[in-house]
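Beneath this line is the structure, given in structure tokens, with notes to follow.
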Amino acid sequence: MLCAFVEVWGEEAFRRAGEVDARVDAGERLPLAGVPIGVKGRHGLRTAGPLLAAGCVAVGATSVPGPGTAWQTWGLGRYGRTVNPWRHDRTPGGSSAGSAAAVAAGLVPLATGSDGAGSVRLPAAWCGVVGLKAGNGRLPSADRTGLMAPGVLARSVGDVSAYWSVMSGEEPRSASSPPVAVWSADLGFDDPDPDIVAVAHAGAARLAEARALRLVRPGIPLRLEDPASAWLALRTPGADPTAAHRVRAENDRRLDALFAEADLLLTPTAPTPPHGHDGPGDRYSTALTWAFNLSGHPAISIPAGFGPDGCPVGLQLVAPHGREDLLLWTVRCAHI
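For the sequence shown, UniProt numbering gives the first residue as 1, with consecutive numbering after it.
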């Protein structure tokens, strides 16, 4: 049992599907007519308004972490802990745990999420699906820290593109030539698992072979400051944010320099494989994702392959501010 949902709205979904049919019969054009979706948590409908207006039918609330742990890479469904569809003894990641598990298992083609440190991208990576974190401020968010951004998990980039068009009001754009991309295994501060790095780098190489992008060596290797202390300070009420603002400003400067010579940054999504249900231990699963919650850049995780444990590995693509369209175009070119 996956335990991907905390609530399933069967009768309500049938009623809403009938309403969508009636709207279509009346001549209304609905780009996502009848698409079943999961929404993150019991309050997920609050942010799904544009999707419902476009014809989606919400079938249930997906699981999120329960109380009792400081780490958020797990989910608590109605009947127990959410499991990874690829290995039930491993977590699906989180905090959009149920959304990732439901999409990976084919229960829904699309599920909403939110990403404050990697909460869309990590479960997408560990469950082998596509997960987009919008750039901070690009879509409405109630998070006062400015770290949390809405996102989506889906089985294909086409579904993610449909989500983005509806939520942002922006139409897909095409690039005139393959974007220039830079690879970083560790962002200059982490120590990722070598097996994970190898699989993710092979995924990046396949994007280059498909001419979806052009990999180049940066003039100066990217070395960000570890964002852990800054992120934690911004999330802790009463903490002095001075040092956090310094780290953010310095990393912003280094990322600005990188994006002055490249269009995309590629990294492994997670530095480790999915951990067991007892927790991640002393390693931050978010080491390579929360840097971009701090900086606010849009990022997407796509499937890169499988690790030695049989679990999926994700490849993260990061774009300049406001360039979600470039992420989606690049991944579409690779037919993912």
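We put the CB at the ideal spot given by N, CA and C, even for glycine.
Candidates the options, of which the one nearest residue i by Cα
i, options, result
"P312", "A287, P271 and Y284", "P271"
"A104", "A208, A125, G151 and P280", "A125"
"W71", "Y79, D309 and G94", "G94"
"G68", "A291, L294, H335 and G279", "G279"
"H245", "P237, L258, S229 and F259", "S229"
"A100", "I196, L30 and G75", "G75"
"G112", "P237, A287, G38 and G281", "Before going further, note that residue 112 is Thr rather than Gly in the sequence given. For T112, the nearest C-alpha among the options comes from G38."
"N136", "V129, P123 and G151", "G151"
"L268", "G276, Y79 and L317", "With the sequence shown as reference, residue 268 is identified as Pro, and Leu is not the correct amino acid for it. Comparing Cα-Cα distances from P268 to each of G276, Y79 and L317, the minimum goes to L317."
"G118", "A249, P227, A204 and A58", "P227"
"S301", "A17, A26, A134 and G219", "A134"
"G310", "F292, L327, P274 and A291", "P274"
"E209", "E225, A181 and P92", "A181"
"I220", "L258, G44, A54 and G66", "L258"
"G44", "G238, A204, S63 and T236", "S63"
"A53", "G34, R235 and P241", "G34"
Distance between beta carbons of residue j and residue i, contact taken as under 8 Å
i, j, result
"A200", "L315", "5 Å"
"D263", "P179", "4 Å"
"T73", "S285", "5 Å"
"R121", "T289", "5 Å"
"L139", "M167", "6 Å"
"G307", "D195", "5 Å"
"S295", "D252", "6 Å"
Coil, strand or helix - residue i by DSSP
i, result
"D115", "strand"
"L153", "strand"
"W74", "coil"
"P274", "coil"
"V199", "helix"
"G80", "strand"
"G131", "strand"
"L255", "helix"
"R90", "strand"
"residue 353", "The first residue shown for the chain is 1 and the last is 336, placing residue 353 beyond what the model contains."
"E28", "coil"
Chain-order list of residues whose beta-carbon lies under 6 Å from that of residue i (same chain, five-residue window excluded)
i, result
"C333", "A212"
"R173", "D325"
"V57", "A13, R16, A17 and P36"
Cβ shell of residue i (< 7 Å), same chain only, five flanking positions each side left out
i, result
"D186", "P192"
"Y79", "M1 and C3"
"G60", "F5, E7, V8, W9 and G38"
Bridge-paired residues (DSSP) for residue i
i, result
"A181", "L215 and L264"
"L317", "L266 and I300"
"F306", "P312"
"G60", "V8 and G38"
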